[in-house]
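Take a look at the structure below.
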Amino acid sequence: CRCCADGRRHGSILYSILRSQERAASPAGQGPRRGLGQGQATRGCPCGGWRRRRVALRSPQVACKAASAVLVKTLRFVQNVPCFQELPLDEQLLLVRSCWAPLLVLGLAQERVQLETVESAEPSMLQRILTTRRQGEQTPPRGPAPGRPHHGPAGGPHMPSAGEIQAIKGFLAKCWSLDISTKEYAYLKGTVLFNPDLPGLQCTQYIEGLQREAQQALNEHVRLIHRGDEARFAKLNVVLSLLRSINANVIAELFFRPIIGAVNMDDMLLEMLCAKL
């Protein structure tokens, strides 16, 4: 279709990177991915200023490879849901565009990907003054350097803050503390995927019914497997509520920009959705 063709024109290079990384990824089910290391404890002043500090991944290539493999696996899971395949393509794309980030973070938790970050040094006031003065003395460039995106006068791309990264780490830790099973992850992903509250949806009632079914299936599974833990279903719903604090732009900046550069996630998701993963 035309949509798939447009996706191939815009995202073929990105998609090739993701597919090559997936093929090189190690098999799942081997426990925590130590390649990303353990996150260090966050230290800062009581006023919470540490939350505004900019941080980056210690090993961005390793982290991007792991996140790309999880994204491919996540979209394969979505494509294999029969009820999802029955939806029109524009409805599918709208759902995936809205939930790819929380689904990816759920996948990171399921694969036990651990994040190791380092604080990114920010220029001091003196450095900024000297840099601005030097730039004023030099002839302004005619355009961005080849292969580098132009970010305008405001500076470089937004770097995730310590608070934003801590939200992701806190979510992963919560999932691991509950020892969520494969089926529970599947039902959680179904609840996230079928969001009937998105503006622009046409099959609202159908999608709302699918989300309700996912929640009911999760509740029945918990009551059958965890009979002694009456609060487990509520704890799993807390996991869903924590996903609301995950910013999709932060996920893209953290896992994809360091390697791929400026990422148009809409184009990449469209191509991956139209492809047979």
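This note's numbering applies: residue 1 is where the sequence shown begins, and numbers increase by one.
Even for Gly, the Cβ is constructed at its ideal location relative to N, Cα and C.
Asked, Found
"C-alpha distance - H226 paired with I246, whole-angstrom precision", "28 Å"
"Cutoff 7 Å; reference E91; Cβ partners in own chain excluding five residues on either side", "L201, Q202 and C203"
"Pairwise C-alpha distance: R58 and E116", "6 Å"
"A248 versus P196: straight-line alpha-carbon distance, rounded", "19 Å"
"The segment 185-194 touching the segment 92-102, judged by at least three CB pairs closer than 8 Å", "yes"
"A167 burial status per 10 Å Cβ neighbour count (16 or more: buried)", "buried"
"Residue span of the alpha helix (DSSP H) that contains L57, given as start and end", "L57 -> not in any alpha helix (DSSP H); beta strand (DSSP E) instead, spanning V55 to L57."
"DSSP state of E271 mapped onto helix, strand, coil", "helix"
"Check whether V70 and L108 have beta carbons under 7 Å apart", "yes"
"Neighbour-count burial assignment, K183, 16 or more Cβ in a 10 Å radius", "exposed"
"Per DSSP, the bridge partner or partners of V118", "A56"
"Residue(s) in a DSSP beta bridge with S161", "R54"
"Burial state of A162 (16 or more Cβ within 10 Å)", "buried"
"Through-space distance from K73 to A252, alpha-carbon basis", "17 Å"
"Nearest-angstrom Cα separation, counted from L242 out to D229", "21 Å"
"Cβ-based burial, Q216 [other Cβ within 10 Å; buried from 16]", "exposed"
"Sequence-distant residues of the same chain with beta carbon closer than 7 Å to C64, five excluded per side", "F255, F256, P258 and I259"
"Length of the line joining the Cα atoms of V239 and A275", "30 Å"
"Environment of P82 [buried if 16+ CB atoms lie within 10 Å]", "exposed"
"Where N219 falls: helix, strand or coil (DSSP)", "helix"
"S245 - containing alpha helix (DSSP H), residue span", "Where S245 is concerned, there is no enclosing alpha helix (DSSP H), given that its DSSP letter is neither H nor E."
"Alpha-carbon to alpha-carbon, L270 and E164", "27 Å"
"Distance between E208 and M159 (C-alpha atoms, nearest Å)", "36 Å"
"Other residues of its chain near R53: CB distance less than 7 Å, five sequence neighbours each side excluded", "E119, S161 and A162"
"Status (buried if at least 16 other CB within 10 Å, exposed otherwise) for R232", "buried"
"Three-state secondary structure (DSSP) of G156", "With a pLDDT of only 46 at G156, under the threshold of 50, the placement of this residue in the model should not be trusted; the figure read from the coordinates follows. Coil, per DSSP."
"Backbone CA spacing between P140 and V62 [nearest angstrom]", "In this prediction, P140 has a pLDDT of 45, which is less than 50 and means its spatial position is unreliable; what the coordinates show is noted afterwards. Each residue's Cα considered, the two are about 36 Å apart."
"Q110 beta carbon less than 7 Å from that of Y187", "no"
"Sub-7 Å separation of K189 and L87 beta-carbons", "no"
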